[in-house]
Each structure stands twice: as structure tokens, then as C-alpha cells.
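A.B. asks:
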Amino acid sequence: KNHINRGIAIMTTDFGMQMEKVMKAEGFLAALDQSGGSTPKALRLYGVSDDDYVAGEETMYDMVHEMRSRIMTSPGFTGDRVVGAILFENTMDRKVLDMPTAEYLWKKKNVVPFLKVDKGLMPEEHGAQLMKPMPALDELLERAKQAGVFGTKMRSVIKMADPYGVKAVVDQQFDIAKRIFAAGLIPIIEPEIDIASPEKDECEALLKANILMHLDRLDGEKVMLKLTLPTVDNHYKECIDHPKVIRVVALSGGYSRQVANEKLSKQQGMIASFSRALTEGLTHQMTDDEFNSKLDDAIGSIFEASKA
11 KNHINRGIAI MTTDFGMQME KVMKAEGFLA ALDQSGGSTP KALRLYGVSD
61 DDYVAGEETM YDMVHEMRSR IMTSPGFTGD RVVGAILFEN TMDRKVLDMP
111 TAEYLWKKKN VVPFLKVDKG LMPEEHGAQL MKPMPALDEL LERAKQAGVF
161 GTKMRSVIKM ADPYGVKAVV DQQFDIAKRI FAAGLIPIIE PEIDIASPEK
211 DECEALLKAN ILMHLDRLDG EKVMLKLTLP TVDNHYKECI DHPKVIRVVA
261 LSGGYSRQVA NEKLSKQQGM IASFSRALTE GLTHQMTDDE FNSKLDDAIG
311 SIFEASKA
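Numbering-wise, our numbering puts 280 at position 270 of the sequence shown, and it's gapless, one number per residue.
1. If you follow the alpha helix (DSSP H) that leucine 305 is in, where does it begin and where does it stop?
2. Expressed to the nearest angstrom, what Euclidean distance is found between the alpha-carbon atoms of glutamate 212 and alanine 171?
3. Is the beta carbon of glycine 264 closer than 7 Å to that of threonine 238?
4. Tell me the rounded alpha-carbon separation between methionine 82 and leucine 115.
5. Between the C-alpha atoms of glutamine 28 and glutamate 113, what's the straight-line distance to the nearest angstrom?
6. Restricting to runs no shorter than 3 residues, where is the beta strand (DSSP E) found entirely within the segment 113-177?
7. Thinking just about the alpha-carbon of each residue, which of Gln182, Glu99 and Asp298 is nearest to the one in leucine 131?
8. Leaving aside the five residues before and after glutamate 152 along the sequence, list all residues of the same chain whose C-beta is less than 8 Å from its C-beta, in chain order.
9. Apart from the five residues just before and just after lysine 304, which ones in its own chain have a Cβ nearer than 8 Å to its Cβ?
10. Put phenylalanine 191 into one of helix, strand or coil per three-state DSSP.
11. I'd like the span of the beta strand (DSSP E) that includes valine 64, first residue to last.
12. Is the separation between the beta-carbon of valine 106 and that of serine 79 shorter than 7 Å?
13. Which residues share a DSSP beta bridge with serine 283?
14. Indicate whether the contact test is met: 3 or more Cβ pairs, each with one atom in the segment 213-221 and one in the segment 240-249, closer than 8 Å.
15. So within the segment 236-288, which uninterrupted beta strand (DSSP E) runs reach at least 3 residues, ignoring any that extend past its ends?
16. If you draw a straight line from the C-alpha of alanine 41 to the C-alpha of glutamate 134, how long is it?
17. If you reduce the DSSP assignment to three classes, tell me which class glutamate 30 lands in.
18. For a test of the three-state rule: what should DSSP assign to glutamate 319, helix, strand or coil?
19. Can you look up isoleucine 186 in the DSSP assignment and give me helix, strand or coil?
20. Would you mind sorting methionine 33 into buried or exposed? The rule is 16 or more other CB atoms within 10 Å of its CB.
21. Under the DSSP definition of a beta bridge, which residues are partnered with glutamate 200?
22. For serine 266, which of Ala138, Arg189, Glu300 and Arg286 has the nearest alpha-carbon?
23. Looking at the unbroken alpha helix (DSSP H) that takes in alanine 52, where does it start and where does it end?
24. Looking at lysine 129 and methionine 144, is the spacing between their C-beta atoms short of 7 Å?
Next up, the structure:
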């Protein structure tokens with residue numbers, strides 16, 4: 011009886027309700043987590059010129075927060091179609107309509123907040139880029155938990171089918187994922203395969219084998235996976251069906267929204283976690299009506315592709 015009551019108590023906590031939504035809800039994750047390095051490119055696509063801010067300084071983060079706030083406050087951006095949103099640390103530390111961002115997403119929009127925790131990529135070795143060291147990770151996870159964040163995301167990149175490089179990427183991802191789970195957050199493991207890799211299918215075969223080996227070794231931990239849309243449809247089915255996996259999401263990886271949606275709609279049980287493919291065509295110069303309409307269309311098309 012106590013056990014049952016405890017289970018019900020967990021389900022009524024924010025974390026429990028978020029877990030239920032992330033596991034079962036239709037929709038997709040909005041990746042709003044471009045970091046310092048990729049921010050100027052994101053702003054250029056949004057129609058903001060490099061002269062309008064100083065790269066790496068507060069003016070740049072002000073500008074990108076304005077863009078992200080405009081997305082998050084848009085009427086079509088709600089938990090009905092957007093399951094969760096991945097935030098950059100600077101975004102988590104700011105406010106949207108006078109509420110801390112993670113709180114705004116969950117309380118006002120019913121969108122589950124995630125946080126990007128990696129610090130960027132190391133130089134390429136063995137056809138792969140590992141994540142840079144994260145010396146302040148424990149402190150960041152503590153702050154995220156306090157802010158009401160549900161999970162994290164961290165990205166590595168695989169460019170060639172070098173067994174050593176692929177193994178190193180997956181080993182590092184799972185090592186850090188265990189620390190994240192221990193801190194009370196759900197890790198999204200993202201070993202991206204470069205869509206331009208001449209060995210993309212071989213990379214995918216190696217990656218799946220390494221992921222499944224690590225999943226089988228997990229103790230009580232559960233994880234999410236964020237993977238490049240595969241060359242062979244439903245290649246990651248065993249990962250999607252694995253009892254240790256909460257959800258598998260797809261990155262757009264440089265594909266246009268139309269191509270990413272087409273590829274995604276062929277993957278059963280995989281939902282989107284798009285960044286550029288979500289914000290494609292949105293500009294600073296648009297009126298609010300134009301912006302909201304364009305974003306609503308994008309959300310609708312990604313939602314449909316995720317449902318397929």
C-alpha cells in the first residue's frame with residue numbers, strides 16, 4: 011500500500027508529470043540551445059547582422075534571448091505539440107515574461123525543460139569529436155535541478171567509421187550520463203553522426219552496437235537518445251524498444267525542414283528534436299503575426315512528422 015501511495019505521490023510531482031509526458035506524449039522537442047560558438051550563425055539566419063552585437067558578449071546573448079523568448083511566448087508554442095525544449099545555460103539563467111525560463115516553459119506552456127550541459131567539442135581524433143571537459147558539471151546539474159529542469163543534453167560528433175572513435179564517444183556519453191542520472195536528471199545522449207560522412211551507414215552500424223552494449227549494462231539508470239536520422243529506415247528500432255530508453259529523438263543535422271520531416275516520418279517511434287529545421291525562415295524583421303504564423307506552420311509540420 012505504501013509503495014502504491016509513494017508511486018502516486020511521485021506521479022503528482024512536477025518531475026513525475028514531466029516523465030509521463032516525455033515518455034508518452036505526442037509531439038517533439040524544440041532544440042533552442044545553440045551555444046556561444048553557433049550563436050552568430052543562428053542570429054544571421056534570423057536576420058540579425060554581425061554589426062548589431064558583440065560576439066561572445068552580453069549584447070549577443072540579449073539578442074539571442076529575444077529570439078528564443080519570441081519563440082517560447084508564441085501562441086503556437088505549447089505543450090499540445092511541443093513535448094519539451096532544450097535550453098542553453100544562459101537561457102536557463104534568464105527570464106521569460108518575468109518568470110525564470112524553465113518555470114515559464116513548464117507552468118505556462120506545459121513544455122518540459124531540458125538543459126544543454128556540454129562545453130563544446132574537442133578536436134577530431136579517430137574520426138570523432140569527444141566533448142570537452144566539464145569541470146563545473148556537478149554545480150551546473152545542481153542549479154538545473156533547483157531551476158526545475160527535467161533533463162540534460164550533451165553532444166559529440168562522429169565523422170568516420172573508426173571503431174576506436176565511435177567507442178570513445180559512446181563510452182564518454184554513458185559515463186557522464188550516469189552522473190547526470192545520479193543528480194536526479196534525465197540525460198539525453200547525443201552522439202551525432204555527421205550527415206556528410208562518406209561512411210554514414212557504417213558509422214550507424216558501429217554506433218548502434220556500442221549504444222546497445224552500454225544500455226544492457228545500465229543498472230537502474232534510464233536515458234534518452236538523440237540520434238542522426240539514419241540511412242536505413244528504423245535502424246534504431248532496438249534502441250527505441252530498449253527498456254532502459256525513455257525516448258529516442260532525432261536531430262535535423264543540417265537537413266532542411268522538409269527533408270528532415272520526410273526522413274523522420276519513416277522512423278517508427280522516433281520524434282524530432284530539431285533546431286535549425288524548427289527556426290528555418292523565421293526572421294527578426296517579421297511582424298508578430300507573420301512570425302507566429304510561420305512558427306505555427308513549422309511546429310505543425312514537425313509534429314505531424316513525429317507522429318507518423
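By construction, the Cβ of each residue, glycine as well, lies at the ideal position given by its N, Cα and C atoms.
C.D. replies: Put simply:
1. Annotation for leucine 305: the continuous alpha helix (DSSP H) segment containing it runs 298-317.
2. Across the structure, glutamate 212 and alanine 171 are spaced so that their CA atoms are roughly 6 Å apart.
3. No, they are not a contact pair.
4. One Cα belongs to methionine 82, the other to leucine 115, and the distance between them is close to 7 Å.
5. A straight line joining the alpha-carbon of glutamine 28 with that of glutamate 113 spans about 12 Å.
6. Within the segment 113-177, the complete beta strand (DSSP E) segments of 3 residues or longer fall at 122-126 and 161-168, listed in chain order.
7. Put simply, of Gln182, Glu99 and Asp298 the residue whose alpha carbon is nearest the alpha carbon of leucine 131 is Gln182.
8. For glutamate 152, where only same-chain residues beyond five positions count, the Cβ hits under 8 Å are Ala193.
9. Closer than 8 Å at Cβ, skipping near neighbours: Gly291, Leu292 and Met296.
10. Judged by DSSP in its simplified three-state form, phenylalanine 191 adopts helix.
11. Valine 64: not part of any beta strand (DSSP E); DSSP gives it neither H nor E.
12. It is a contact, given that the beta carbons lie within the stated cut-off.
13. Bridge partners of serine 283: Leu39.
14. With a cut-off of 8 Å, the segment 240-249 and the segment 213-221 count as touching, because enough Cβ pairs lie within range.
15. Runs of the beta strand (DSSP E) lying entirely within the segment 236-288 and spanning at least 3 residues, in chain order: 255-261 and 280-284.
16. Pairing alanine 41 with glutamate 134, the inter-Cα distance amounts to about 24 Å.
17. In this structure, glutamate 30 counts as helix in the three-state DSSP scheme.
18. The requested residue 319 is not part of the displayed model; the chain covers only 11 to 318.
19. Three-state result, isoleucine 186: helix.
20. Exposed is the label assigned to methionine 33, since fewer than 16 other Cβ atoms lie within 10 Å of its Cβ.
21. For glutamate 200, which the question treats as bridged, DSSP gives the partners Arg165.
22. Minimum Cα distance to serine 266 is reached at Arg286.
23. 49-55 is the span of the alpha helix (DSSP H), which, as asked, contains alanine 52.
24. A contact, by the Cβ cut-off of 7 Å.
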